[in-house]
Amino acid sequence: MVDLVGQSQEVLWRPHFVVDADVGFFRKLSLGYGMLKAEKNPDGAKLADVLSPELYARWTAAKQRYLPRDRGIERKRPMVAAQELFTAAIREAGLGPAKIVNPPIRAVIQAQSIKESIPKVTVKIDDPAAAIKDVRRMSLNDSACLEATLDAIDRLLPRMITNANGWATGDLKQISFDQLGRRNNTCADVFSNAEFSRKWGIPDIRASIRDEWLRMAEASLATNATTFAVLPLEDLMAPDGYVARLRALGYEIDAP
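All letters in the sequence shown, in the order written, are residues 1 to 256 by full-length UniProt numbering.
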C-alpha cells in the first residue's frame, strides 16, 4: 500500500458532508449547548416513551450488553442512541477503526509532498440557532433507524469478519453489506426526508457526497498518471457504489 501511495500524484480521501454555520466564537459556544439539547427527545421524553414496547425491549437488552453504565442515553433521540450503540458494539467486537491505515499514508504524503484532496459537500445554514430550535422541537420518526441498527448488530458482526477475510483473499463473493447498507440508508433517510432538510436546504446526503467524489475522482484521473483513493469497503462494493459508478462511466475496473 505504501509503495502505491509513493507512486501516486494525488491521494483522494473519503468524502465528507459538512454543515457550515456562520457564527462568531461566543455564539458557537452557546450553540454547543443547544446541540446537546437537540440530541434529546422533544418534551423530555425517554426512549421508553417513543419506542414500541417490542423495540424498547430489544434496545434494553442491547444497551445492557454494550452501554451498561450510560444512563443519560435513555433521553436521547433514537437515531443518536442507535449510533452510540452501534459504535460500542463494533468496538467490543474488536472491529473498530484500527489506526493502521491512515498514518502510513500520511507519512508518505508528507515525505514526498504528494497532493491530497478531500471531497466535501458543504451546506451553509445562515441561522444555526433557529435551525437547532427546529431540531429540538421536531419528531424525526427515527425509530426505524434504531431498529435497523439492532438488526445490524445481531447479524452484522460475524458478517464483517467474513467480509474482511474475503477482501484479504480476493474472494469477493464472500462479501456482503446488505445489512449494513439497510442500516445506513435507513438512518440517513431520517434527515434526508425530514421537514428540517426541506426547510434548511439540506440535500440528499448520500447522493451529494457520491457525486462530489466522482467529480473529483474524474478530475484527478484526467490530470494524474496515478491517483490513490481511500474509501470504506462498503462504498466500493455496493451495487450503486463508487466502483459501479466508475464502471458505468466507461472506466475499466481491475477487481481484486
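Note that the Cβ used here is the ideal one computed from N, Cα and C, for glycine as well. For clarity, every value in this text was computed on a predicted model and none was experimentally measured.
DSSP state of residue i, grouped into three classes?
| i | result |
| --- | --- |
| T226 | coil |
| S208 | helix |
| E234 | helix |
| E39 | coil |
| V2 | helix |
| E218 | helix |
| E10 | strand |
| D240 | coil |
| D20 | strand |
What's the gap between the Cα of residue i and the Cα of residue j?
| i | j | result |
| --- | --- | --- |
| P104 | L4 | 12 angstroms |
| E116 | T87 | 28 angstroms |
| D126 | E252 | 43 angstroms |
| Y56 | D142 | 13 angstroms |
| S197 | D134 | 10 angstroms |
| Y66 | P78 | 16 angstroms |
| A93 | R183 | 18 angstroms |
| T186 | A148 | 7 angstroms |
| V190 | Q110 | 39 angstroms |
| G6 | I202 | 38 angstroms |
Count the other CB atoms within 10 Å of the CB of residue i; is the residue buried (16 or more) or exposed (fewer)?
| i | result |
| --- | --- |
| A162 | In the sequence on display, residue 162 carries Thr and not Ala. That one is exposed. |
| P53 | exposed |
| M237 | buried |
| S220 | buried |
| S113 | exposed |
| P68 | exposed |
| residue 259 | Given a span of 1 to 256 for the chain in the structure shown, any question on residue 259 remains unanswerable. |
| L150 | buried |
| K76 | buried |
| V108 | buried |
| A225 | exposed |
Report yes or no: is there a C-beta of chain D within less than 8 angstroms of the C-beta of residue i?
| i | result |
| --- | --- |
| V243 | Of the chains in the structure shown, none is chain D; there is only one protein chain. |
Assuming residue i and residue j make a contact with CB atoms under 8 angstroms, what is their CB distance in whole Å?
| i | j | result |
| --- | --- | --- |
| D20 | K120 | In fact, because the Cβ distance is near 10 angstroms, the residues do not count as touching under 8 angstroms. |
| R245 | R210 | 7 angstroms |
Would you list, in sequence order, the uninterrupted alpha helix (DSSP H) runs of no fewer than 4 residues that lie entirely inside the segment 52 to 131?
53 to 66, 78 to 92, 102 to 112
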